[in-house]
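Everything on this sheet refers to the single structure shown next.
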Amino acid sequence: MISGFLPVDFLSEWRSRDKPRGLVVFVGTGGFETNMQPVAEENAPLPVTPDRDQPAPVPRRKQCIASSLNIQVRQAEGIMSALTCIEKQWIDQRPVNAIVPMGRKSNREHVTFVGAGLVNLISAHFAVRVGMSVRIVEAAPDPRHGEDWTRYGCSSGGANARMFTLSEMDNYNCRHAHQDMNWQFSRSVAQNGWNVCDAARLSGEEKTWIDDFERIPSWLAESYNQDIFKFSRESKSLWEQWMEEDPELFSDSVTTRDILRIYSDADHLQASLARQDRIGATIRTVSVSDISEEQPILKTAVDGGLIAGGVYVHGFTVNVHRFIAALIERLETGGVAFDWQTRMVSIGQGTGGTVEGISLESGEVVRGNIVISPGAYGNGVLHGTSAHRQIAGVLGAWLTVPDREGGLRNSLKLARKGHIVEDANVTVALDENGERVAIIGSGYGFTGFDPYNIDQDLLGRIYSGIRDTARHYFPESYAQSVAEGSLDRSLKYCVRPWTPTGLGVFEALRAANDDKLIVVGGHNTGGFAQAPATGMAVIASIRGRQHDMHRDYRPNRFRSFLSA
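My numbering puts the first residue of the sequence shown at 1, with every later residue one more than the last.
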């Protein structure tokens, strides 16, 4: 970065040299005289995504003044905008996948999906809808058989709840520069951090993952968030269309529309209100008296001064186990073949990086178009891809309390500033007997690349935190579940797939006959929310079309830019 006076013709001389060019930012209050003229834009500016504390809009462009990688910023406060522009240029100028000709369509419309979690099931739904032939391979048992929850992955092993909001998938890096940034994964749950594993067992690569998280600057985190929210908006339209086309699927899944966000802290409430307005999520704000009247289950918490206010936002929840079972039945009716308890073991690659197929534990080699969604449990099968060692596990806990009087009328997002489990989703649901319940999900617990590396004492702290939320905000339901002995029996966890950037993963490798091997995942808390957009990106890749997810969710986006 250069500040101060820029000599005349400096850029001409610098650009004429044969050595590799670096990235240059010039910061100054006035112009500079030079015989170089601005280079015309090759692309029109892309739409600007509203987001919290968003800097001045920055267009993507192939080239800026004087050189494709040079920007003159006339005021010091424009530095962050300049850096954002540089990063956008960098990813625009790198091929999405250097070994995959994106304009080439697969010769076959058959797709094998590896993993029957929500992302792949929903992607398979959209693939079937456009006429593709689909097979799904899953290491776990059929979730409709109701085996012990520990035998399943995140989608079927967690509690019976999923939520969509426009900010459901988020970037968790600090978006304001300060001295104590991005420390969550370096501290244990006991230290109010997000590490729930045995830290002594973390490998060097797992520590590198944490280091990547800690190195992401605020301006880049802000830019990543804009890209993430773009796909949430795309998914919102797809979800709404799907609900219109198949209302029975969603009614049977106990779909509850409009999410109430409530806050324990007045300052946090005001900041969130502004953010929800910026991203176009707000339906209406509500006072504490409104909350007490509209959500009777919260009256005691309101009277106790535990709630500062709230806002209704666009979104919905489903009882996800019902949704999964019904979706599997629809896919089977549409001709989809399922292979349960069938584990993938490796990707076979030939010379030049071309994929020859994947090997299953049964000895079968699968060829053609393949989509792998490993969740947090399949890092080992990603050897040979850029996504390998990019996806780690972050645990979340669940607890269920009764709501037989129907006092919870909308699903909630509950924010307790500074609490050990400060963010909670509370979902309207029905239990196995058809009784109304409220499912509380909360907590962040880093497990590294091994989803079974869980310190039971630290997990116990998360469970204690979620019990504390239930006891304070739903005291009558909590007391009832304690009296019935159901509280501790309802405790469970799932391990979600995360990346250090908060960005999802989308990687496509070339196979024979212009087929693709595609890796998707790493959506932290938003795999369900963004699954429709992921499905569109999968279909586009197989059919040789571009989708923004191919570029924005490339697994090496951060490291390749940092190395520049």
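Using N, Cα and C, we set each Cβ at its ideal position, and we do this for glycine too.
Per DSSP, C494 is one residue of the beta strand (DSSP E) stretching across 492–498. Closest in C-alpha terms to D450, from the list W209, E240, Q546, T534, comes W209.
In this structure, E507 sits near T385, with a CB-CB distance shorter than 7 Å. For E356, no alpha helix (DSSP H) run applies; the uninterrupted beta strand (DSSP E) run containing it begins and ends at 355–360, by DSSP. Going by beta carbons, F316 and T255 fall inside the 7 Å limit. Nearest to V495 by alpha-carbon distance, out of R343, D468, G443, is G443. Fully contained in the stretch 96–165 are the following alpha helix (DSSP H) runs of length 4 or more, in chain order: 118–129, 154–157. Within the same chain, I391, P497, T499, G504, V505 come within 6 Å of G522 by CB-CB distance, once the 5 residues on both sides are set aside.
Taking a C-beta distance under 7 Å as the contact criterion, M169 and G406 do not qualify as a contact pair. The beta-carbon separation of A564 and T400, rounded to 49 Å, does not stay under the 8 Å limit for a contact. In the three-state reduction of the DSSP assignment, Q530 falls in the helix class. In the DSSP assignment, T469 falls within the unbroken alpha helix (DSSP H) covering 456–473.
Of the candidates A127, W242, V137, V137 places its Cα closest to the Cα of E364. If you look at K230, you'll find it in the alpha helix (DSSP H) that goes 218–245.
In the DSSP annotation of this structure, M169 is not part of any beta strand (DSSP E), being labelled neither H nor E.
DSSP, read as helix, strand or coil, puts Y263 in strand. Around G305, the same chain offers no residue with a beta carbon nearer than 8 Å, after the five sequence neighbours per side are excluded. Between the stretch 372–386 and the stretch 114–132 there are three or more inter-stretch CB-CB distances shorter than 8 Å, so the stretches are counted as touching. V189 places its beta carbon 7 Å or farther from that of I454.
In the three-state reduction of the DSSP assignment, W398 falls in the strand class, which pools E and B. S346 has S359 as its beta-bridge partners, per DSSP. In the three-state reduction of the DSSP assignment, K516 falls in the strand class, which pools E and B.
Residue range 282–286 is occupied by the beta strand (DSSP E) that includes R284, with no alpha helix (DSSP H) assigned at that position.
Counted as a single uninterrupted DSSP element, the beta strand (DSSP E) harbouring R436 occupies residues 436–448. Within the same chain, Cβ atoms closer than 7 Å to the Cβ of V421 are found at S442, G443, I462, G465, I466, T469, the five residues on either side in sequence being excluded. L331 carries a helical assignment under DSSP once its states are collapsed to helix, strand and coil.
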